[in-house]
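Before any comments, here is the structure.
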Amino acid sequence: MGKASRERSARDRIAEERRIQAKRDRQVKTLAVAGGALAMIAVAVGIVVLANSGGGDKAEYSGPLAPTSRQDDGSIVMAKEGVTSPVVEIYEDFQCPACQKLEETNGATFKQLAEQGKAKVVYRPFRLFSQDPLKSNSERAANAALCAPGDNWVKFHDRIYAEQPEEGKTGFANADLISWAAEYGISGSAFEKCVNGNEKSAQVQAMTDHAFNVAKVESTPTVLLDGKNITDRAWTAEDLTKAVTGTS
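Using UniProt numbering, the letters of the sequence shown correspond one by one to residues 1 to 248.
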């Protein structure tokens with residue numbers, strides 16, 4: 001695909017992402033619950049949602065984490081030693097609000113599955129957006145994530161999402177990314193140089209190309225289970241666990 005074609009495709013994807021977001025904002029339905037009480041439930045389009053007892057509230061996870069390691073392609077694998085399947089791949093953009101929601105609602109389940117040896121979880125951050133300030137925000141965050149070593153990477157990953165700037169606003173300053181990383185033991189001159197010099201920009205682009213051209217990602221987040229897209233329905237924590245483990 002030529003450069004012009006890639007730029008057109010990127011613009012098309014951004015337009016589609018905005019249409020999905022607008023549709024998601026409209027699709028808020030009032031549903032009756034037991035006893036005649038009413039609850040407002042957001043119907044998310046293209047996002048795996050944890051429908052726990054809080055109706056999709058943030059699911060905190062404070063348990064141990066499975067070991068993480070950086071792969072040659074830039075992805076991060078979180079899995080117990082010897083666990084090779086099933087494989088859960090998460091394609092994400094740190095600037096994407098729906099990706100932030102995925103982490104808040106389903107991140108705990110992914111972490112638990114990996115720590116219990118029930119899945120190999122692969123994080124694949126990339127840049128979806130092609131217009132500033134979203135593009136630059138996304139690039140800085142993805143670059144910093146790729147500069148960080150595997151140890152404590154998941155905690156840094158979660159912190160980046162916690163600090164996600166509002167759409168349309170500039171954020172993820174390099175100084176902030178370096179400061180947040182230091183809180184999780186990720187520091188040193190090499191890391192700072194990598195972040196400030198945008199040294200992983202080529203790898204960010206390679207991961208972006210992989211997401212679009214190989215994995216055929218059309219929106220974020222996209223979650224694949226052994227290569228099959230499962231980002232097409234709302235999942236409870238229990239049902240997501242059953243789907244990944246193949247239990248009933």
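Here a beta-carbon is modelled for each residue, glycine too, at the ideal position from N, C-alpha and C. Since the model is a prediction, treat every value here as computed from it, not as a measurement.
Asked: With 16 other Cβ atoms within 10 Å as the buried cut-off, status of Ala-108; Found: buried
Asked: Whole runs of the alpha helix (DSSP H) within the UniProt domain "Thioredoxin-like fold" (85-244), excluding any shorter than 4 residues; Found: 97-115, 134-147, 153-162, 174-182, 189-196 and 201-209
Asked: Backbone secondary structure at Thr-247 - three-state DSSP; Found: coil
Asked: Residue from Phe-129, Ala-66 and Lys-169 with nearest C-alpha to Glu-218; Found: Phe-129
Asked: Cα-Cα separation, Ala-173 to Gln-205; Found: 19 Å
Asked: Span separating the alpha-carbon of Pro-97 from that of Val-121; Found: 21 Å
Asked: Separation of Phe-110 from Met-78, as counted between CA atoms; Found: 9 Å
Asked: Short CB-CB distance (under 8 Å) between Gly-107 and chain D; Found: Annotation note: the requested chain D is absent from the structure, which comprises a single protein chain.
Asked: Cβ separation of Glu-163 and Asp-176, assumed to be a contact under 8 Å, to the nearest whole Å; Found: 7 Å
Asked: Beta-carbon contacts of Gly-74 that lie in its chain and below 6 Å, excluding the five residues immediately before and after; Found: Leu-146, Gln-203 and Met-207
Asked: Gly-155 versus Glu-238: straight-line alpha-carbon distance, rounded; Found: Correcting the residue type first, residue 155 is Lys in the shown sequence and not Gly. Lys-155 and Glu-238: Cα-Cα distance of roughly 24 Å.
Asked: Distance between beta carbons of Val-88 and Leu-225, contact taken as under 8 Å; Found: 6 Å
Asked: Cβ distance (whole Å) where Ile-124 is taken to contact Tyr-91 below 8 Å; Found: Going by the sequence as given, residue 124 is Arg instead of Ile. Between Tyr-91 and Arg-124 the Cβ distance is about 5 Å, and since that is below 8 Å, they are a contact.
Asked: As assigned by DSSP and simplified to three states, the class of Val-83; Found: coil
Asked: Closest Cα partner of Ser-69 within the set Phe-191, Glu-81 and Ala-142; Found: Glu-81
Asked: Residue from Lys-200, Glu-166, His-157 and Glu-167 whose Cα sits closest to the Cα of Ala-182; Found: His-157
Asked: Bridge-paired residues (DSSP) for Ser-69; Found: Val-77
Asked: Candidates Asn-213, Ala-142, Ser-136 and Ala-234, of which the one nearest Thr-170 by Cα; Found: Ser-136
Asked: Under 8 Å between C-beta atoms of Ser-138 and Asp-209; Found: no
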